[in-house]
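Undergrad: I have a structure I would like to understand better, so I am pasting it below and will then ask my questions one at a time.
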Amino acid sequence: MFGWKIVAIYLSLGLGVAMISGLVIGRMNPVNLVEAWVFDIPLVHGEEGRVTWQARFAQGWSHVHDIVLKVAPYIIAGVGVGAWIHGYVPQDMMAHVMGKGNWWSVPLAVLIGVPMYSNAAGIIPVVQALLGKGAALGTTLAFMMAVTALSFPEFMILKKVMKPKLIALFAGVVTMGIIFVGYVFNAVM
1 MFGWKIVAIY LSLGLGVAMI SGLVIGRMNP VNLVEAWVFD IPLVHGEEGR
51 VTWQARFAQG WSHVHDIVLK VAPYIIAGVG VGAWIHGYVP QDMMAHVMGK
101 GNWWSVPLAV LIGVPMYSNA AGIIPVVQAL LGKGAALGTT LAFMMAVTAL
151 SFPEFMILKK VMKPKLIALF AGVVTMGIIF VGYVFNAVM
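All residue numbers for the sequence shown refer to my numbering, where the first residue is 1 and numbers rise by one.
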């Protein structure tokens, strides 16, 4: 959909942002911001930790089944939203709101993406529709990254193992990285 050059830049920036984010959060040593029960999980050693190949394949197929059931609704919803954007959102409006010339388009795209949730496969049709309507590549990628990495449902899952202060730290660092990636793509593409 994007070509190898864009994929290479996106991959490089994504890995760079992830590593720098990990270093920043790691330097803050947020161990006290992880829920206590996480440290109480027992380790499995020796024979009791061995699983047969048959059991591994059975678990694998079970996980594939669960993942397909969880992902399918988001792909269908993504196709529906993408079709709606493609058919009903005026191209001039999309180019104005999410265009390259607006300094605020990348942060706005991130803010719009946070309340939503989708996985990477489910957001692709939406990305195609936004790009087709004239949205800037960096703004669209920032939106896509926010939907998949900064969504409220994701925070609810993280709340099971992280305290709110660590979730806020994670969200802040990741938001800054996503905005950086969006601006870089808008500047070079």
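Using N, Cα and C, we set each Cβ at its ideal position, and we do this for glycine too.
Keep in mind the model is a prediction, meaning the values are calculated, not measured.
Taking a contact to mean a Cβ-Cβ separation below 8 Å, would you say L141 touches G182 in this structure?
TA: As a working note, residue 141 is residue 141 in the sequence shown. As a working note, residue 182 is residue 182 in the sequence shown. Contact flag set, yes.
Undergrad: Applying the criterion that 16 or more other CB atoms from any shown protein chain within 10 Å of the CB defines a buried residue, is V51 buried or exposed?
TA: Sequence index remark: in the sequence shown, residue 51 carries index 51 (1-based). It counts as exposed.
Undergrad: Whole angstroms is fine: what's the gap from V64's alpha carbon to I25's?
TA: Start at 1 with the first residue of the sequence shown, and residue 64 comes out as number 64. Start at 1 with the first residue of the sequence shown, and residue 25 comes out as number 25. Answer to the nearest angstrom: the Cα atoms are 32 Å apart.
Undergrad: I need the straight-line Cα distance from G101 to E35, nearest angstrom please.
TA: On the sequence shown, residue 101 is found 101 positions in, with the first residue counted as 1. On the sequence shown, residue 35 is found 35 positions in, with the first residue counted as 1. Their Cα atoms are separated by approximately 43 Å.
Undergrad: Going by other Cβ atoms of all chains shown within 10 Å of its Cβ, with 16 needed for buried, is P125 buried or exposed?
TA: Counting from 1 along the sequence shown, the entry for residue 125 is found at position 125. By the neighbour-count rule (16 or more Cβ atoms within 10 Å), P125 is buried.
Undergrad: Mind checking whether G134 and V184 have CB atoms under 8 Å apart?
TA: Residue numbering aside, residue 134 sits at position 134 when the sequence shown is read from its first letter. Residue numbering aside, residue 184 sits at position 184 when the sequence shown is read from its first letter. No, the pair does not count as a contact, with Cβ atoms beyond the cut-off.
Undergrad: Excluding the 5 residues preceding and the 5 following A116 in the sequence, name in chain order all residues of the same chain whose CB lies nearer than 7 Å to its CB.
TA: Locating residue 116 in the sequence shown gives position 116, counting from the first residue. Residue identity differs from the one stated: residue 116 is Met in this sequence, not Ala. If we look at M116 and ignore the five residues flanking it on each side, its Cβ neighbours are V147, S151.
Undergrad: Going by beta carbon distance, what residues of the same chain come within less than 6 Å of Y88, once the five residues before and after it are set aside?
TA: To locate residue 88, count along the sequence shown from 1; it is residue 88. Only residues of its own chain outside the window of five on either side were considered, and among them none has a CB closer than 6 Å to the CB of Y88.
Undergrad: Where do the N-terminal and C-terminal ends of the alpha helix (DSSP H) with G190 fall, by residue?
TA: Outside the displayed range of the chain (1 to 189) lies residue 190, so it cannot be described from this structure.
Undergrad: Is any heavy atom in the ligand NAD found nearer than 7 Å to the beta carbon of G26?
TA: The ligand NAD is not among the ligands present in this structure, which contains no ligands whatsoever.
Undergrad: Please state the DSSP three-state secondary structure of V147.
TA: On the sequence shown, position 147 is the one that residue 147 refers to. In this structure, V147 counts as helix in the three-state DSSP scheme.
Undergrad: Which of the three DSSP states, helix, strand or coil, is assigned to M176?
TA: On the sequence shown, position 176 is the one that residue 176 refers to. In the structure shown, M176 sits in a helix (DSSP, three-state: H, G or I).
Undergrad: In this structure, how does DSSP classify V34 when only helix, strand and coil are distinguished?
TA: The sequence position of residue 34 within the sequence shown is 34, counting from 1. Correct three-state label for V34: strand.
Undergrad: Distance, Cα to Cα, Q199 vs G99?
TA: Outside the displayed span of the chain (1 to 189) sits residue 199, for which this structure offers no information.
Undergrad: Candidates S105, G80, P153: which alpha carbon is nearest I123's?
TA: As a working note, residue 123 is residue 123 in the sequence shown. Nearest of S105, G80, P153 to I123, Cα basis: G80.
Undergrad: How many Å lie between N119 and P42 at the Cα?
TA: Working through the sequence shown from its first residue, we reach residue 119 at position 119. Working through the sequence shown from its first residue, we reach residue 42 at position 42. One C-alpha to the other measures close to 31 Å.
Undergrad: Give the range of the alpha helix (DSSP H) segment to which M162 is assigned.
TA: The residue you call residue 162 lines up with position 162 of the sequence shown. Element bounds for M162: n/a, residue is neither H nor E.
Undergrad: Is the separation between the beta-carbon of I162 and that of L23 shorter than 8 Å?
TA: Counted from its first residue, the sequence shown places residue 162 at position 162. Counted from its first residue, the sequence shown places residue 23 at position 23. It should be pointed out that residue 162 corresponds to Met in this sequence rather than to Ile. Against a cut-off of 8 Å, the Cβ pair of L23 and M162 comes out as no contact.
Undergrad: Give every residue of the same chain whose Cβ lies closer than 6 Å to the Cβ of K70, excluding the five residues on either side of it in the sequence, and list them in chain order.
TA: Here the question's residue 70 lines up with position 70 in the sequence shown. Shown here for K70: not one same chain residue has a beta carbon closer than 6 Å to its own, the five before and five after excluded.
Undergrad: In terms of residues, what are the limits of the alpha helix (DSSP H) holding G101?
TA: Locating residue 101 in the sequence shown gives position 101, counting from the first residue. It is not in any alpha helix (DSSP H) - G101 carries neither H nor E in the DSSP assignment.
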